Amino acid sequence: MADEWQSDWLAWLTNERRYPENTLLAYQRDLEDYFAFLAAQGAPAAQPNRAIFRKYLAHLQNKGLARTTMARRISTLRSYYRFGLRQKHLDLDDFSWMKAPKIPAPLPKAISMAQTDAMLSALANRRSDGWQKQRDYAVLLLLYGAGLRLSEALSLRMDEAPFKEWVRIIGKGGKARDVPLLPIISTAIDSYLAQCPFDTGGGGALFLSSRGNALGPRAVQRCVEDLRFAAGLPEHTTPHALRHAFATSLLSGGGDLRAIQQLLGHASLSTTQRYTHIDKARLAEVHHQTHPRAKS
243 MADEWQSDWL
253 AWLTNERRYP
263 ENTLLAYQRD
273 LEDYFAFLAA
283 QGAPAAQPNR
293 AIFRKYLAHL
303 QNKGLARTTM
313 ARRISTLRSY
323 YRFGLRQKHL
333 DLDDFSWMKA
343 PKIPAPLPKA
353 ISMAQTDAML
363 SALANRRSDG
373 WQKQRDYAVL
383 LLLYGAGLRL
393 SEALSLRMDE
403 APFKEWVRII
413 GKGGKARDVP
423 LLPIISTAID
433 SYLAQCPFDT
443 GGGGALFLSS
453 RGNALGPRAV
463 QRCVEDLRFA
473 AGLPEHTTPH
483 ALRHAFATSL
493 LSGGGDLRAI
503 QQLLGHASLS
513 TTQRYTHIDK
523 ARLAEVHHQT
533 HPRAKS
């Protein structure tokens, strides 16, 4: 039975791929849903079947699932069976037919420099303890000024301080990258640490909650939601939108796409290329000014 290697697969995702707990739980639910469908069909799970798989796709469509959800479920199955193939649990050379319906890649939704300034001004006017305000300011600067994912910013540790010109980030899949820090970011972190009422000499999380625990992502999301309402910003103003704003700012300034890819920690250049659709006018201007044949 295919479920015999489920625990080994989940352990591999945890230890080798370093997937977060929420992702692992979603993958496990996806697999259990698939096994339940196979059981209802009286089909074996250990040997994927193209005809049964098509019925499963129809089953998902009939349930009204979004294409993104369907794509994730199929990605789960492909990962699971690839693992089974490597571990010699099944005899199947090709399952390229196991594909989800294609979905258009959504364009990143960034906010403008003026909107970012409005957010930071709203933070400065917010009623809260000074150290918490400085903490939130430092977190937002890491997203907008260094292009970090929220999870990456919150994974920074006390023993990495003081932060100078560079910081090493462990991103998705456990991949490390070095990210330059603007002086304003290092100064903001130093100011937060100087004002923080808790012990900052240990090796725990850099950013702490009001109770002295590691600051969670939901707290930052709520902070940005409050600032969005206070500054009258668009609905897509989220912590991740600040990371998008970082990328579009570099691109608008003529930044090299490969360099931006490295700074963001994208595994594929195609992911970074989505930002080129946001500022076509600026790209056309750069092309006209720099191409040797542009003025001929």
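243 is the number of the first residue of the sequence shown in the working numbering; add one for each residue after it.
All C-beta atoms, glycine included, are put in the ideal place defined by N, C-alpha and C.
This structure is a prediction, so every number in the text was calculated from the model and none was measured.
According to DSSP, residues forming a beta bridge with residue i
i    : result
P422 : W408
R399 : A447
Short Cβ contact (7 Å threshold) for residue i with residue j
i    : j    : result
A352 : T490 : yes
R260 : G416 : yes
P286 : Y323 : no
H331 : W247 : yes
L475 : Q376 : no
C438 : W339 : no
S433 : F405 : no
A360 : A473 : yes
G389 : L505 : yes
R399 : L448 : yes
D454 : D401 : Asp is not the amino acid found at residue 454; the sequence shown has Gly there. Cβ atoms of G454 and D401: not closer than 7 Å.
W408 : F325 : no
D272 : T318 : yes
Rounded C-alpha distance that separates residue i from residue j
i    : j    : result
A461 : R470 : 14 Å
T256 : T513 : 24 Å
G458 : A509 : 26 Å
G443 : L435 : 10 Å
M355 : P343 : 36 Å
L382 : P481 : 7 Å
H486 : I502 : 11 Å
A293 : R315 : 17 Å
Q515 : L484 : 17 Å
Y203 : A430 : Residue 203 falls outside the range modelled here, since the chain spans only 243 to 538, and no answer is possible.
R554 : L493 : Lying outside 243 to 538, the shown extent of the chain, residue 554 is not represented and no answer is given.
G284 : Q303 : 20 Å
T265 : L392 : 16 Å
S451 : P425 : 24 Å
P262 : L362 : 30 Å
Y269 : K305 : 18 Å
G497 : D378 : 28 Å
A395 : Y386 : 11 Å
S538 : L423 : Residue placement at S538 cannot be trusted, given a pLDDT of 48 that sits under 50; what the coordinates show is reported in the next sentence. Spanning the two alpha carbons is a distance of roughly 41 Å.
I412 : D420 : 9 Å
L499 : F488 : 13 Å
A364 : Y517 : 27 Å
Whole runs of the alpha helix (DSSP H) within the stretch 438-509, excluding any shorter than 4 residues: 459-473, 481-494 and 499-506
Segment contact flag, the stretch 309-318 with the stretch 329-338, C-beta cutoff 8 Å, min 3 pairs: no
Residue ranges of each alpha helix (DSSP H) within the stretch 284-330, 4 or longer: 292-304 and 309-328
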